[in-house]
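Just add 361 to the spot in the sequence shown (first one is 1) and you have our numbering. In this text, a Cβ means the ideal position worked out from N, Cα and C, and glycines have one as well. It should be emphasised that the depicted structure is a prediction, and the values quoted were computed from it without experimental measurement. First comes the structure, then the notes that go with it.
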Amino acid sequence: MSIIEVVLALAILAMAALIFLPVFSQGMGFTKEIRDYSVLVGVAEQLTHSYIVRINNLAPTDPPINIFEDNVTASVKAAMKNPVLDGLPDFKVLSTVRPSQLCEKGGYEIAIRMTWESGGRPKEFSLLTVKAVRGL
362 MSIIEVVLAL
372 AILAMAALIF
382 LPVFSQGMGF
392 TKEIRDYSVL
402 VGVAEQLTHS
412 YIVRINNLAP
422 TDPPINIFED
432 NVTASVKAAM
442 KNPVLDGLPD
452 FKVLSTVRPS
462 QLCEKGGYEI
472 AIRMTWESGG
482 RPKEFSLLTV
492 KAVRGL
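In C-alpha coordinates, the structure reads:
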(Lines of atoms letter the chains of each structure in order from A and count residues from 1; the text may use other names and numbers.)
(Lines give C-alpha, C1' and ligand atoms only; values in the text may rest on other atoms or scores of the structure.)
Protein backbone atom coordinates (compact mmCIF):
# COMPACT_ATOMS: atom_id res chain seq x y z
CA MET A 1 0.00 0.00 0.00
CA SER A 2 1.43 3.34 -0.98
CA ILE A 3 1.44 6.51 1.08
CA ILE A 4 -1.05 8.12 -1.30
CA GLU A 5 -3.55 5.30 -0.71
CA VAL A 6 -3.16 5.62 3.08
CA VAL A 7 -3.65 9.41 2.95
CA LEU A 8 -6.66 8.98 0.67
CA ALA A 9 -8.19 6.37 3.02
CA LEU A 10 -7.67 8.69 6.02
CA ALA A 11 -9.24 11.59 4.12
CA ILE A 12 -12.30 9.49 3.26
CA LEU A 13 -12.59 8.37 6.89
CA ALA A 14 -12.33 11.98 8.11
CA MET A 15 -15.02 13.13 5.66
CA ALA A 16 -17.33 10.32 6.77
CA ALA A 17 -16.80 11.31 10.40
CA LEU A 18 -17.62 14.96 9.59
CA ILE A 19 -20.76 13.93 7.73
CA PHE A 20 -22.13 11.66 10.48
CA LEU A 21 -21.01 13.69 13.53
CA PRO A 22 -24.12 15.95 13.53
CA VAL A 23 -26.38 12.89 13.32
CA PHE A 24 -24.74 11.28 16.35
CA SER A 25 -24.65 14.51 18.38
CA GLN A 26 -28.32 15.18 17.62
CA GLY A 27 -29.16 11.68 18.80
CA MET A 28 -27.29 12.34 22.05
CA GLY A 29 -29.29 15.56 22.50
CA PHE A 30 -32.56 13.67 22.05
CA THR A 31 -31.44 11.05 24.56
CA LYS A 32 -30.70 13.77 27.13
CA GLU A 33 -34.05 15.44 26.45
CA ILE A 34 -35.93 12.14 26.88
CA ARG A 35 -34.12 11.59 30.20
CA ASP A 36 -35.03 15.13 31.32
CA TYR A 37 -38.69 14.65 30.44
CA SER A 38 -38.85 11.31 32.26
CA VAL A 39 -37.51 13.02 35.41
CA LEU A 40 -40.05 15.86 35.00
CA VAL A 41 -42.91 13.36 34.62
CA GLY A 42 -41.80 11.66 37.83
CA VAL A 43 -41.70 14.98 39.69
CA ALA A 44 -45.17 15.93 38.41
CA GLU A 45 -46.59 12.53 39.38
CA GLN A 46 -45.17 12.80 42.91
CA LEU A 47 -46.58 16.30 43.35
CA THR A 48 -49.97 15.21 42.01
CA HIS A 49 -50.00 12.25 44.40
CA SER A 50 -49.22 14.51 47.38
CA TYR A 51 -52.11 16.82 46.45
CA ILE A 52 -54.48 13.85 46.01
CA VAL A 53 -53.53 12.60 49.50
CA ARG A 54 -54.14 16.10 50.86
CA ILE A 55 -57.56 16.25 49.14
CA ASN A 56 -58.51 12.77 50.42
CA ASN A 57 -57.67 13.85 53.98
CA LEU A 58 -60.02 16.85 53.88
CA ALA A 59 -62.79 16.72 56.46
CA PRO A 60 -66.32 17.58 55.30
CA THR A 61 -66.16 20.81 57.31
CA ASP A 62 -62.79 21.94 55.90
CA PRO A 63 -62.81 24.74 53.34
CA PRO A 64 -61.94 23.67 49.79
CA ILE A 65 -58.33 23.87 48.68
CA ASN A 66 -57.83 26.73 46.24
CA ILE A 67 -54.22 27.35 45.17
CA PHE A 68 -53.41 29.20 41.95
CA GLU A 69 -49.93 28.87 40.39
CA ASP A 70 -48.11 28.49 43.69
CA ASN A 71 -44.34 28.55 43.07
CA VAL A 72 -43.14 25.33 44.74
CA THR A 73 -39.73 25.23 43.03
CA ALA A 74 -37.66 25.54 46.22
CA SER A 75 -39.54 22.78 48.05
CA VAL A 76 -39.37 20.48 45.00
CA LYS A 77 -35.61 20.95 44.63
CA ALA A 78 -35.10 20.40 48.37
CA ALA A 79 -37.25 17.26 48.50
CA MET A 80 -36.17 15.72 45.19
CA LYS A 81 -32.46 16.19 44.83
CA ASN A 82 -31.75 15.44 41.19
CA PRO A 83 -28.97 16.72 38.90
CA VAL A 84 -31.48 17.12 36.06
CA LEU A 85 -33.53 19.63 38.06
CA ASP A 86 -30.40 21.52 39.09
CA GLY A 87 -29.14 21.56 35.49
CA LEU A 88 -32.23 23.18 33.92
CA PRO A 89 -31.74 26.97 33.69
CA ASP A 90 -34.56 29.15 35.08
CA PHE A 91 -36.43 26.04 36.26
CA LYS A 92 -39.80 26.76 37.93
CA VAL A 93 -42.57 24.53 39.24
CA LEU A 94 -46.03 26.08 39.54
CA SER A 95 -48.95 24.17 41.03
CA THR A 96 -52.66 24.90 40.84
CA VAL A 97 -55.24 23.05 42.93
CA ARG A 98 -58.82 24.27 42.75
CA PRO A 99 -62.39 22.99 42.74
CA SER A 100 -63.15 21.58 39.31
CA GLN A 101 -65.94 22.74 37.05
CA LEU A 102 -65.92 19.28 35.42
CA CYS A 103 -67.25 17.51 38.52
CA GLU A 104 -70.71 18.27 39.91
CA LYS A 105 -69.67 18.23 43.54
CA GLY A 106 -66.44 17.71 45.41
CA GLY A 107 -64.02 17.41 42.49
CA TYR A 108 -60.63 19.05 42.16
CA GLU A 109 -58.44 20.06 39.26
CA ILE A 110 -54.70 19.62 39.87
CA ALA A 111 -52.30 21.22 37.41
CA ILE A 112 -48.52 21.03 37.62
CA ARG A 113 -46.64 23.33 35.22
CA MET A 114 -42.86 23.33 34.86
CA THR A 115 -40.93 25.90 32.85
CA TRP A 116 -37.24 26.23 31.97
CA GLU A 117 -34.97 27.43 29.19
CA SER A 118 -33.18 25.25 26.68
CA GLY A 119 -30.97 26.66 23.96
CA GLY A 120 -32.20 30.18 24.72
CA ARG A 121 -35.84 29.19 24.17
CA PRO A 122 -38.48 28.74 26.87
CA LYS A 123 -39.82 25.21 27.33
CA GLU A 124 -42.83 23.99 29.29
CA PHE A 125 -44.20 20.71 30.60
CA SER A 126 -47.69 20.47 32.12
CA LEU A 127 -49.68 17.72 33.78
CA LEU A 128 -53.41 18.13 34.49
CA THR A 129 -55.45 15.77 36.65
CA VAL A 130 -59.09 15.87 37.74
CA LYS A 131 -59.78 14.17 41.08
CA ALA A 132 -63.37 13.42 42.10
CA VAL A 133 -63.98 13.31 45.85
CA ARG A 134 -67.02 11.57 47.34
CA GLY A 135 -68.85 12.56 50.46
CA LEU A 136 -68.03 16.25 50.70
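Exercise. With a cut-off of 8 Å on the beta carbons, I'd call ILE473 and ALA420 a contact; round off their distance for me.
Key: Actually they do not touch by this definition, with Cβ atoms about 25 Å apart.
Self-check item: Residue from GLY481, ILE471 and SER479 whose Cα sits closest to the Cα of SER490
Solution: For the record, residue 490 in the displayed sequence is Thr; it is not Ser. Of GLY481, ILE471 and SER479, the residue nearest in Cα terms is ILE471.
Quiz item: Considering only C-alpha positions, which residue in the set LYS466, VAL433, GLN462 and PRO460 is nearest to PHE452?
Solution: VAL433
Exercise. Could you please give me the residues that DSSP links to ASP431 through a beta bridge?
Key: SER456
Quiz item: Can you tell which of GLY480, PRO483 and THR457 has its C-alpha closest to the C-alpha of LYS492?
Solution: THR457
Quiz item: the ligand MG heavy atoms versus the CB of HIS410: any closer than 7 Å?
Solution: Ligands displayed in this structure: none; no statement on the ligand MG is therefore possible.
Quiz item: On the three-state DSSP scale, how would you describe ALA377?
Solution: helix
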